[in-house]
Amino acid sequence: ELKVEQNPLFLSMQEGKNYTIYCNYSTTSDRLYWYRQDPGKSLESLFVLLSNGAVKQEGRLMASLDTKARLSTLHITAAVHDLSATYFCAVVQGAQKLVFGQGTRLTINP
Amino acid sequence: DAGVIQSPRHEVTEMGQEVTLRCKPISGHDYLFWYRQTMMRGLELLIYFNNNVPIDDSGMPEDRFSAKMPNASFSTLKIQPSEPRDSAVYFCASSRSGANVLTFGAGSRLTVL
Numbered sequence: 013e014l015k016v017e018q019n020p021l022f023l024s025m026q027e028g029k030n031y032t033i034y035c036n037y038s039t040t041s042d043r044l045y046w047y048r049q050d051p052g053k054s055l056e057s058l059f060v061l062l063s064n065g066a067v068k069q070e071g072r073l074m075a076s077l078d079t080k081a082r083l084s085t086l087h088i089t090a091a092v093h094d095l096s097a098t099y100f101c102a103v104v105q106g107a108q109k110l111v112f113g114q115g116t117r118l119t120i121n122p
Numbered sequence: 003d004a005g006v007i008q009s010p011r012h013e014v015t016e017m018g019q020e021v022t023l024r025c026k027p028i029s030g031h032d033y034l035f036w037y038r039q040t041m042m043r044g045l046e047l048l049i050y051f052n053n054n055v056p057i058d059d060s061g062m063p064e065d066r067f068s069a070k071m072p073n074a075s076f077s078t079l080k081i082q083p084s085e086p087r088d089s090a091v092y093f094c095a096s097s098r099s100g101a102n103v104l105t106f107g108a109g110s111r112l113t114v115l
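In order, the protein sequence lines correspond to chains A and B.
Numbering of the first sequence is given in our numbering, commencing with residue 13 and proceeding in unit increments.
Numbering of the second sequence is given in our numbering, commencing with residue 3 and proceeding in unit increments.
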């Protein structure tokens, strides 16, 4: 059974700082997703990583994938308050089934 | 594109009542998923369909839950009878074969008293 674990689950940081969220998964997969969820809202797709060594960047967020280590990272550069949200990684099992991590609740303080 | 449309957005009901949640996937998408989100258990996949056929319902909690997809543009998730522990946000999502994006609806927040 595929398990997806995120670390940390809660993260409080100051504006302007850098930090990384980690996502480990237990079995081989060819796709990994990062989603953002604001309180009371739906999930918004951020990145899809398709191959070993894939790196994608959007603004202050950068995601990478190491399929050999079964590890993805979401790096936040010079955090701003607007990035406060819960971030989920999800791994594909089979054709289209996504298994989600527990989520990382990120709070960025002024 | 209107996205994935779910209704109702909020539902408050009493224990024992039947609850029906509805979902309209994005046109052209052949996969449809029902997820449940709670604080304790996070996001759980309940069931998913491909071309209107249920593929994996192993996440459906028990017989009180049922899901149907009578056509490509409509799906329902029914809980009968409902219990307080069913209180959660239920998300519907859809995707297209060969594409790498799963699009979520706004969710249906269910409260069972």
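By construction, the Cβ of each residue, glycine as well, lies at the ideal position given by its N, Cα and C atoms.
For clarity, every value in this text was computed on a predicted model and none was experimentally measured.
Contacting residues, own chain, Cβ-Cβ under 6 Å from residue i (five flanking each side not counted)
i, result
"Ser-24 (chain A)", "Thr-119"
"Met-74 (chain A)", "His-87"
"Leu-47 (chain B)", "Tyr-37, Gly-61"
"Ser-76 (chain A)", "Val-67, Thr-85"
"Val-91 (chain B)", "Gln-39, Gly-109, Arg-111"
Minimum Cβ-Cβ distance from residue i to chain B less than 7 Å
i, result
"Val-60 (chain A)", "yes"
"Leu-55 (chain A)", "yes"
"Leu-14 (chain A)", "no"
"Phe-22 (chain A)", "no"
"Gln-105 (chain A)", "no"
"Leu-86 (chain A)", "no"
"Leu-73 (chain A)", "no"
"Gln-69 (chain A)", "no"
"Gln-18 (chain A)", "no"
"Leu-110 (chain A)", "yes"
From the options, residue whose alpha carbon lies closest to that of residue i
i, options, result
"Glu-20 (chain B)", "B:Ser-68, B:Leu-104, B:Val-91, B:Gly-100", "B:Ser-68"
"Arg-82 (chain A)", "A:Leu-44, A:Gly-52, A:Leu-21, A:Val-67", "A:Leu-44"
"Pro-86 (chain B)", "B:Pro-27, B:Glu-13, B:Phe-93, B:Ala-4", "B:Glu-13"
"Val-16 (chain A)", "A:Arg-48, A:His-87, A:Leu-110", "A:Leu-110"
"Phe-100 (chain A)", "A:Gln-108, A:Ala-107, A:Leu-21", "A:Leu-21"
"His-93 (chain A)", "A:Asn-19, A:Leu-14, A:Gln-18, A:Glu-27", "A:Glu-27"
"Leu-62 (chain A)", "A:Gln-114, A:Ser-84, A:Arg-48, A:Asp-50", "A:Ser-84"
"Thr-40 (chain A)", "A:Leu-58, A:Gln-49, A:Gly-106", "A:Gly-106"
"Arg-117 (chain A)", "B:Gly-44, B:Gln-8, B:Val-55, B:Ala-101", "B:Gly-44"
"Asp-78 (chain A)", "A:Val-103, A:Pro-51, A:Ala-66", "A:Ala-66"
"Met-17 (chain B)", "B:Ala-101, B:Gly-100, B:Ile-81", "B:Ile-81"
"Val-104 (chain A)", "A:Glu-56, A:Tyr-34, A:Val-60", "A:Val-60"
"Glu-70 (chain A)", "A:Asn-64, A:Gly-52, A:Trp-46", "A:Trp-46"
Chain A within 7 Å of residue i, Cβ atoms only
i, result
"Ala-101 (chain B)", "no"
"Phe-156 (chain B)", "Only positions 3 to 115 of chain B appear in this structure, which leaves residue 156 (chain B) out of reach."
"Val-33 (chain B)", "The question names Val, but residue 33 (chain B) in the sequence shown is Tyr. So yes, Tyr-33 (chain B) belongs to the interface."
"Gly-109 (chain B)", "yes"
"Ser-84 (chain B)", "no"
Proximity of residue i and residue j at Cβ, strictly below 7 Å
i, j, result
"Leu-104 (chain B)", "Ser-89 (chain B)", "no"
"Phe-106 (chain B)", "Ser-54 (chain A)", "yes"
"Met-71 (chain B)", "Phe-51 (chain B)", "yes"
"Asp-59 (chain B)", "Ile-49 (chain B)", "yes"
"Leu-79 (chain B)", "Leu-23 (chain B)", "yes"
"Leu-58 (chain A)", "Ser-38 (chain A)", "no"
"Ile-57 (chain B)", "Lys-26 (chain B)", "no"
"Asp-50 (chain A)", "Ala-97 (chain A)", "yes"
"Thr-15 (chain B)", "Ser-84 (chain B)", "yes"
Spatial neighbours of residue i in its chain, beta-carbon cut-off 7 Å, leaving aside the 5 residues before and after
i, result
"His-31 (chain B)", "Ser-96, Ser-97, Arg-98"
"Pro-122 (chain A)", "Glu-27, His-93"
"Asn-36 (chain A)", "Glu-17, Arg-82, Leu-83"
Bridge partner(s) assigned by DSSP for residue i
i, result
"Ala-97 (chain A)", "A:Leu-118"
"His-12 (chain B)", "B:Arg-111"
"Leu-110 (chain A)", "A:Val-104"
"Met-25 (chain A)", "A:Ile-120"
Same chain, Cβ closer than 8 Å to residue i, five either side skipped, listed in chain order
i, result
"Asn-30 (chain A)", "His-87, Ile-88, Thr-89, Ala-90, Ala-91"
"Arg-11 (chain B)", "Ala-108, Gly-109, Ser-110, Arg-111"
"Gly-115 (chain A)", "Gln-18, Leu-21, Gln-49, Thr-98, Tyr-99, Phe-100"
beta-carbon residue i near the ligand COA non-hydrogen atom, thresh 6 Å
i, result
"Cys-94 (chain B)", "Although the ligand COA was asked about, the structure shown includes no ligands whatsoever."
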